[in-house]
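Presented below is the structure to which this report refers.
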Amino acid sequence: MRFKALLQSHEHPPVWRWVSLLYLIFAFLPMFYWPQVPLRWALLFVAAALVFVVLYFAHHYAVSRRRRVALTLAVAALGFVTMPMGAGAAYVIYAVGMAAASLPVWRALTLCVAVMAIEAVCFYRFMPIEARPLSTYMINVIVAAMVFVGVVSIRNRELRNAELRLTQDEVRRLAGLAERERIGRDLHDLLGHTLSLVVLKTQLAARLFDRDPQGARAQIGEVERVAREALTQVREAVAGIRASGLQAELAAARLALLGAEISLDHRLAPVEIPEKVETALTLALRESVTNVLRHSGATRVEVELIGEARGGLSLLIADDGRGGAGREGHGLTGMRERLRAVGGSVEIDSPPGAGTRLRLILPREALAAARRSDEAPAAARTYHERGAA
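Residue numbering for the sequence shown is 6 to 394, as defined by our numbering.
Structure follows, in structure tokens:
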């Protein structure tokens with residue numbers, strides 16, 4: 006079942022987080038029915054609202070489903086505790102919405118029915134007699150049902166959009182594979198033709214070496230010219246292979262993780278990445294995803310490319326798995342060596358039971374050196390071409 010991965014494979018629109026907080030006004034309505042509100046009760050209303058806001062945003066940013074369910078139950082408990090104040094119904098409604106957003110429909114419905122049943126007990130046990138007619142509780146039930154249906158509808162629409170994005174990622178990935186196959190065929194044809202021509206001209210130069218040295222030198226010059234042209238064409242073709250290296254790897258990672266019911270959230274800062282650095286980051290991302298699939302037991306992975314204030318960048322790969330990574334295997338050792346080769350470093354934090362955070366760090370100096378390295382072949386080619394002319 007792909008619900009878990011699809012539900013968390015995208016960012017919820019930030020506007021909904023704030024708009025839904027407007028319902029918090031109903032938690033303060035009972036205060037307006039009192040002729041005089043004691044300061045102690047006013048402080049309790051405010052304290053309950055602050056606790057709720059903390060739980061609300063913690064729920065949104067929670068990584069694992071278990072944590073989301075725990076936070077939902079905490080909000081429901083807040084509603085039960087504040088029932089004598091008259092504010093509990095609002096928090097229970099929030100708990101219903103949070104359950105509908107976090108669980109498959111039938112599990113969410115079961116949890117919501119249990120929450121509403123406990124609310125009924127608290128309602129008739131702790132509310133004042135004049136404030137607990139059946140109609141009041143039925144209004145709460147109707148509002149809870151409307152919230153449940155509304156959140157499930159929004160969630161289903163987001164799931165469809167997430168599936169569409171995954172399909173688009175797959176199309177882009179397949180397009181990238183097709184392009185690489187085309188480049189491979191072009192390189193095969195180009196190198197085959199060029200090397201055949203080099204062999205023929207070298208053989209001809211060898212035959213002319215004794216009886217026509219001038220002609221032999223001309224053939225050797227032709228060999229150099231053909232080789233330089235082939236080198237230029239190979240560089241142009243290879244440049245096309247890395248056109249979307251990190252993006253293409255993310256698309257492939259999303260599909261691989263989805264197959265294992267693991268969601269992927271990613272945020273890439275708009276930074277320019279040198280070729281060698283992007284290659285190292287791409288291979289590191291591939292190795293990290295492989296480790297998540299094989300060993301982590303995770304339900305969610307986050308990938309974030311961050312442009313540092315001092316001109317460097319870092320790639321953060323985090324999961325909510327079992328953590329406790331033991332000794333380094335060949336994969337992590339190779340990752341460190343690749344990052345060290347481009348002037349970067351690897352930091353790993355994997356406490357038992359708290360997931361794994363892998364941070365690949367490229368300082369400004371490393372990026373500058375990589376950019377100079379990328380520019381050097383083009384400058385050398387220009388110099389040689391001028392010399393040949």
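Ideal placement from N, C-alpha and C gives every residue a C-beta, glycine not left out.
- Note on residue 186: under 16 other CB atoms within 10 angstroms of its CB, so exposed under the neighbour-count rule.
- Residue 155 counts as exposed, since fewer than 16 other beta carbons sit within 10 angstroms of its beta carbon.
- Of the residues 160, 74 and 158, the one whose Cα lies closest to the Cα of residue 120 is 74.
- Annotated as proximal: residue 375 and residue 347, with beta-carbon spacing under 8 angstroms.
- By the Cβ criterion, the segment 23–30 is not in contact with the segment 78–85, since fewer than three pairs of Cβ atoms, one from each stretch, lie closer than 8 angstroms.
- Each residue's CA atom was taken as its position, placing residue 284 and residue 340 some 11 angstroms apart.
- Under DSSP, residue 324 takes part in a beta bridge, and its partners are 306 and 361.
- Nearest neighbour of residue 277 by Cα position, chosen from 367, 98, 160 and 90, turns out to be 367.
- Taking all protein chains shown into account, residue 299 has fewer than 16 neighbouring C-beta atoms within 10 Å of its C-beta and is therefore exposed.
- Cβ neighbours of residue 64 within its own chain (closer than 6 angstroms, five residues either side excluded): 73, 76 and 103.
- Distance from the Cα of residue 54 is smallest, within the candidate group 70, 87, 291 and 109, for 87.
- Where residue 78 is concerned, the enclosing alpha helix (DSSP H) starts and stops at 70–86.
- Residue 98: member of the alpha helix (DSSP H) spanning 93–107, first to last residue.
- Residue 258 places its beta carbon 8 angstroms or farther from that of residue 344.
- As the crow flies, the alpha-carbon of residue 271 is around 16 angstroms from that of residue 69.
- In this structure, DSSP gives residue 348 a state outside helix and strand, which the three-state scheme calls coil.
- With a cutoff of 8 angstroms on beta-carbon distance, residue 317 and residue 302 are scored as not near each other.
- With 16 or more neighbouring CB atoms inside 10 Å of its own CB, residue 324 falls in the buried class.
- Pairing residue 34 with residue 125, the inter-Cα distance amounts to about 20 angstroms.
- In this structure residue 267 is buried. Its beta-carbon is surrounded by 16 or more other beta-carbon atoms within 10 angstroms.
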